[in-house]
Amino acid sequence: MASRSLASLGKSSSSWKILDLLKIQSLPKPSRSPSASNINALAQITQNACKCCCCGTILACNEDTPKFHCVRCGTTNIFSDFDAAEVPTVPPIDYNYVKKQVDQCMAGPRAENSHELHEKFKPLLDYLLEAFGSISCLNHSFKIKKQSKRAHYSTCNINLDEVRRTFSLLAHLPSKRPLFCALTGVCNALKRLPMTIVDNPRNLYWLMILLEIPFLRRALTNSDKKPNRQPQSMAEVPEIQALCYEILKRSLGILSQTDVTSSGNYFASWFLKLPRSEFVAKVDLINLYITFHLKRYFYFANNPELARRASLGSVDYKRQQKVHRSGSIVAEGEYFECSYLKDEVEELNFNSAPWSNFQVSGNVNRKGAKKKGDAKVRVHQYSGNYHIRTAAGALGIFVKANYIRDGEDKLPMHSFYNSLVDYVNIKLDFDSWLSKKKLSKSESGEPDIQTIIDYIHGGGALLGLDNSNSLLAFYFCQYPFLITLGGKISILEYEARRQMERKAEEAFINSLDRRVALDVYFKVRVRRDYIVQDSLRCIQLNPANLKKSLKVQFINEPGVDAGGLKKEWFLLLTKALFSPKTGMLYNVKDSNLLWFNVIPIDNFEMYYLFGAVLGLAIYNSTILELKFPTAMYKILLGLPVGLADYQEIFPEAAENLFRLRNYSEEELESIGLNFEVSFMDVFGRAHQRELIPGGTDVDVTTNNREKYIDKYARFFLMDGMFRQLHAFKNGFSSVVDGNAFSLFLPEEMQLLLCGSEESRFDVDVLQSVTSYTGWSSKEEALKSPTVKWFWEYVSGLTFKQQKKVLMFITGSDRVPATGIQNLSLKISRLNNGIDSDRLPVAHTCFNELSIYEYSSREKMIDKLTKAVNMLAGFGIK
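Note that the sequence shown covers residues 869 to 1745 in my numbering.
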């Protein structure tokens, strides 16, 4: 994605106006499988291929048959159209109608036994079973405006609060049969669906209703594990939980199929209107569903013998009946099979897996995923699992909706992470995904078609466990929003290391062929006083070596680069490039962010150098101190920028610009605006540019003011500095053009380059992850007066002073993108614990502080303060 041409910046206004919900095709979407196009091509070639509307599985079907049964999810797909306007034969559901039915059933004498109670509620049971069992009735239920016929982006026209109240009413009745009948009716309805139902959003209002059932989450979580414990609520009844699981499974399956149709955009629009708490709850629910299925594979990975017996069908759990918490015996089924394994996972004590600390989403400490004894979940275990694939597709619609949400309502991207994915063999997943992409991009379409044909007739890999060569297989890299930032960084490092090794091998082979010694590193030799000129020369003279491992040498200095020298090189070079003297960038006072000058000093090589330096920083895992807006990272990723980006960089100018929307025709005429813009260059000279051809003669009116706002913002974001951005992006792409980079979002890329922005370091966490050498044990080190004084000293510093200490030890004042808990810090003891008058020494290559056992706290603070404030350069002073 990083190598995408800059022409993508000049997209049409439909890509620009991202707030127009009718034009959200340009929004970042999950990296979907290209199988949809292949499937459509296959459907044109042969009429024997049919796609399930629930799980998306491709199956063989008879051309004349009125329906076909999906062997994967058990859905009967009917070859008929669904008429959303058809009036249901049973009264639509709403809270008042159900409450009236309940009151009628509750009237009269009290039931003495369960049989009498059942007879009392029989009219309600019959109604609920029929009403919830009809997709047509569900689609007309809980309507706000009952006469509305069209689908609208602005609202789904469903009273969601009334849905929750209705199910809560059923859950608090003296009998569980009414709730059971309602859920059973839904399950029956979802098992028989018209194939074309996902094509029109008017057909799918009922999906919004089902996702509001308040018991869905309970079906995926464990309650008290006492075997004979009676359920405390209806949500804990095993039969109710099984029905809720079935509804959630099929709802997510159908929702995921809308993402390839226009219906997906409607759902994204409806979801973005939800209150933040409800939006978060649904995101967590889908992630919990993914975790529910993924845990099973983790259990098999850590229990190979059970996995082997399960695959042979000889393990008891597949055939045995399970005694649930209610004490009742329940027949086997998919939900209880998953639930059984899930219970077993949580009851066993894995020393290598901190289950008690698991979160549904968010970052985890990746170090825990590397402990000895953790078996990674392998690709072949989950690549054919349609549950995870469809849930990821459904979550992708929420990601799209979140992209459009404004301000505080917008969730941070880590809200979509699934922490259990850290226990997947993500590097193999990445390799398999790349193989799939290469297969999909093959010039001949025959292999793709043949793969699907083999699958239809049962001979392909799609129905087996090994889906690595299949276009229809699932990989987490297709849906990168599920992968934690730590996981993405590990993929990026993996790909970078592989390319570095390849370049080193090429250099070695070429040296043998030419009988000339070639360096396996990209070496940069610079003078401190001429760091920009020397760096530019090295980069320009070595375009083929940029992907080798970087080594930096400061001329006439003794430092040997094991990581620390390149940190300082990046720091000094970026400071020099950002200097006002270069004329490349300027600081926007309103936002305190750096942006490109419209009229720079005419040296576009500097922009190329700037882009290459950012690429080298990513490639060599180095954190920089940058103050750039999100728009810059979007440009590097090839994503469109919009008015929100202009507002971030120029908040005051944006406020004045948007004020034009409130002006009348007379007010606009009095201002005298036209499609021309004026600005100052770095030397204070005034310049004018036309926003459109002949813009000087085009006045701004109420009819064209949106276009004016559009063009004005685009000019200062992209159009006015096209050559600068082109050179900048070319420099970046000369270093970073791998597939791993395409997994990142702009916010994640900012964290990757700049590290985590924390207002204060958590010294306690930093102390807990620090290692010690020179003492017999960590316990002895922590008892050392010098170590105690050091941590007391750091704790008492201001944040600015703490950053200087961190800069001295690590070469950077930023913590890693994944948090301070992943900073590898080391303190070593010098001179065998004997006092000294020398200053402490920092080995920035290894994030190591070497310190003497000073005789007093005052002496330690004095020596350390001097060392921190005299950190420039390498060598002994």
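All C-beta atoms, glycine included, are put in the ideal place defined by N, C-alpha and C. All values derive from a computational prediction rather than experimental measurement.
Does the distance from the CB of residue i to the CB of residue j come in under 8 Å?
i: P991; j: Q1015; result: no
i: H1161; j: N1293; result: no
i: F1051; j: I1115; result: The displayed chain sequence assigns Leu, not Phe, to residue 1051. Yes. Within cutoff.
i: A1269; j: L1084; result: no
i: L1433; j: I1399; result: no
i: V1654; j: I1719; result: The sequence as given places Thr at residue 1654; Val does not occur at that position. Contact flag set, yes.
i: H1555; j: I1467; result: yes
i: F1284; j: L1350; result: yes
i: R1060; j: A952; result: no
Quick one: grab the DSSP three-state call for residue i.
i: S1636; result: helix
i: W1659; result: helix
i: M1548; result: strand
i: I1324; result: Since pLDDT at I1324 reaches only 44, below the 50 mark, its modelled position is unreliable, and no value is offered.
i: N1737; result: helix
i: V1247; result: helix
i: Y1720; result: coil
i: Q1515; result: helix
i: Y1531; result: coil
i: N1690; result: helix
i: Q1669; result: helix
i: M1728; result: helix
i: K1011; result: strand
State buried or exposed for residue i, treating a residue as buried only when at least 16 other CB atoms are found within 10 Å of its CB.
i: V955; result: exposed
i: G812; result: In this structure the chain extends from 869 to 1745, so residue 812 is not present and cannot be described.
i: G1275; result: exposed
i: G1479; result: buried
i: T957; result: exposed
i: P1508; result: buried
i: T1638; result: buried
i: Q1109; result: buried
i: D1630; result: exposed
i: M1548; result: exposed
i: L997; result: buried
i: R1365; result: exposed
i: N1378; result: exposed
i: G924; result: buried
Measuring straight from C-alpha to C-alpha, what distance separates residue i and residue j?
i: K1443; j: R1682; result: 15 Å
i: K1734; j: K1671; result: 15 Å
i: F1658; j: S1624; result: 24 Å
i: S1009; j: P1082; result: 17 Å
i: S948; j: P1062; result: 6 Å
i: N1155; j: H1248; result: 21 Å
i: T1126; j: D1067; result: 7 Å
i: L1075; j: N1027; result: 13 Å
i: H1192; j: F1204; result: Confidence in H1192 is poor, its pLDDT being 41 and thus under 50, which makes the residue's placement unreliable; the coordinate value appears in the next sentence. Spanning the two alpha carbons is a distance of roughly 9 Å.
i: Q1689; j: V1633; result: 6 Å
i: F1676; j: K1449; result: 27 Å
i: F1472; j: R1553; result: 20 Å
i: F1438; j: L1453; result: 17 Å
i: G1264; j: C1005; result: 28 Å
i: P1095; j: R1370; result: Low local confidence applies: a pLDDT of 47 at P1095 is under 50, so the model's placement there is unreliable, with the coordinate-based value given in what follows. Cα to Cα, the separation comes out at about 57 Å.
i: Q1189; j: P1106; result: Reliability fails at Q1189, whose pLDDT of 42 lies under 50, so the model's placement of it is uncertain and the value that follows must be treated cautiously. Distance between the alpha carbons of Q1189 and P1106: 13 Å.
i: I1324; j: I926; result: Because I1324 carries a pLDDT of 44, less than 50, the predicted location of this residue cannot be relied on, and no value is offered for it.
i: Y1113; j: T1352; result: 26 Å
i: R1018; j: I1272; result: 23 Å
i: P1348; j: K1306; result: 18 Å
i: K1652; j: L1593; result: The sequence shown places Ser at residue 1652, rather than the Lys named in the question. When rounded, the distance between both Cα atoms is 54 Å.
i: S1403; j: K1117; result: 56 Å
Closer than 8 Å by C-beta to residue i: which residues in its own chain qualify, once you throw out the five before and the five after it? Chain order, please.
i: S1459; result: P1497, E1516, I1517, F1518, P1519
i: A1057; result: F1000, G1001, S1002, I1003, L1006
Got a sec? Which residues, its chain only, sit under 6 Å from residue i by beta carbon, not counting five neighbours each side?
i: G1642; result: S1696, R1697
i: C929; result: C918, F936
i: A1039; result: L1047, M1102
i: R1144; result: D1277
i: H1255; result: H1161
Can you list, in chain order, the residues of its chain whose CB lies under 7 Å from that of residue i, leaving out five sequence neighbours each side?
i: W1301; result: Y1343, C1345, Q1346
i: L1492; result: F1438, T1442, A1485, L1621, C1622
Does any CB atom of chain C fall closer than 8 Å to the CB of residue i?
i: Q1515; result: The chain inventory of the structure shown lacks chain C, comprising one protein chain alone.
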